[in-house]
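*Asks:*
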């Protein structure tokens, strides 16, 4: 099973600032990496797939990059609705494992 | 509009059984894999089971031999039969549609809560 790790566990950011979240896989997953946003009491929402492709209706302030074992999600200018938990997921080998999440909260 | 709607959750005793259903609409159901993902209270996400368009199935080691996934393309529904339930199976169970372009999950239901407790 591929183990996914995320850093930091919590990121405190002021509205309008840039946030960079990291995700690492225990072995190469190529570009088969997705990012999700989850708000309290809601289902996760797909943000990025294929490591760098934004999903439908996802604003351009969200961007992803990386391949192999190292990935990042950048939110260029945080809006109030972006404060949430973010998960990365490898979609290369079953089981498709998730990272433990990064909480982005208001500084 | 794509919709995914889970049902069937509830309170069950350890060792008991439960069947979850996931009704989908707004897309060609038979052309997409479907996955059950669970989230224990206050915890992260875990892929439980996946069923492909051809009916191929995959399970997490934690549920293998106890859970069975199936699909009925005529009813646009996927099921998760859960037997020999344990306290550690307590979670919100989400049904998710697999994206056509990758194995990511582009549409999720609102989830159904399964509580295993005596």
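Residue numbers (the numbering used here), protein chains in the order written: chain A, 1 to 107; chain B, 1001 to 1118. Backbone N, C-alpha and C fix where the C-beta goes; we use that ideal spot for every residue, glycine too.
Residues in its own chain within less than 6 Å of residue 16(A) by CB, not counting five upstream and five downstream?
*Replies:* 77
*Asks:* Residue 46(A): beta carbon under 6 Å from a heavy atom of the ligand ATP?
*Replies:* The ligand ATP is not among the ligands present in this structure, which contains no ligands whatsoever.
*Asks:* Going by the CB atoms, is the gap between residue 1046(B) and residue 1112(B) shorter than 7 Å?
*Replies:* no
*Asks:* Is any beta-carbon of chain A found at less than 7 Å from that of residue 1113(B)?
*Replies:* Using beta-carbon distances, residue 1113(B) does not count as an interface residue toward chain A, since no partner is under 7 Å.
*Asks:* From 1099(B), 1093(B), 1030(B), pick the residue whose C-alpha is nearest to that of residue 1074(B); which is it?
*Replies:* 1030(B)
*Asks:* Within 10 angstroms of its Cβ, does residue 7(A) collect 16 or more other Cβ (buried), or is it exposed?
*Replies:* exposed
*Asks:* Closest to residue 1042(B) by C-alpha separation, out of 1071(B), 1088(B), 1023(B), 1107(B), would be which residue?
*Replies:* Comparing alpha-carbon positions, the option among 1071(B), 1088(B), 1023(B), 1107(B) lying closest to residue 1042(B) turns out to be 1088(B).
*Asks:* What does residue 96(A) reach in chain B if we use C-beta pairs closer than 7 Å?
*Replies:* 1047, 1103
*Asks:* For a cutoff of 7 Å on Cβ pairs, would you count residue 1094(B) as touching chain A?
*Replies:* yes
*Asks:* Just checking my contact of residue 103(A) with residue 10(A) at CB under 8 Å: how many whole Å lie between their CB atoms?
*Replies:* 5 Å
*Asks:* Would you list, in chain order, the members of the region 1058–1073 of chain B that have their beta-carbon closer than 7 Å to a beta-carbon of chain A?
*Replies:* 1058, 1060
*Asks:* Would residue 1103(B) and residue 43(A) qualify as a contact pair, given that the criterion is a beta-carbon distance under 7 Å?
*Replies:* no
*Asks:* Starting from residue 1072(B) and walking both ways along the beta strand (DSSP E), at which residues does that stretch end?
*Replies:* 1067–1072
*Asks:* At a Cβ cut of 8 Å, what residues of the region 79–90 of chain A count as close to chain B, listed as they run along the chain?
*Replies:* The residues in question are 87, 89.
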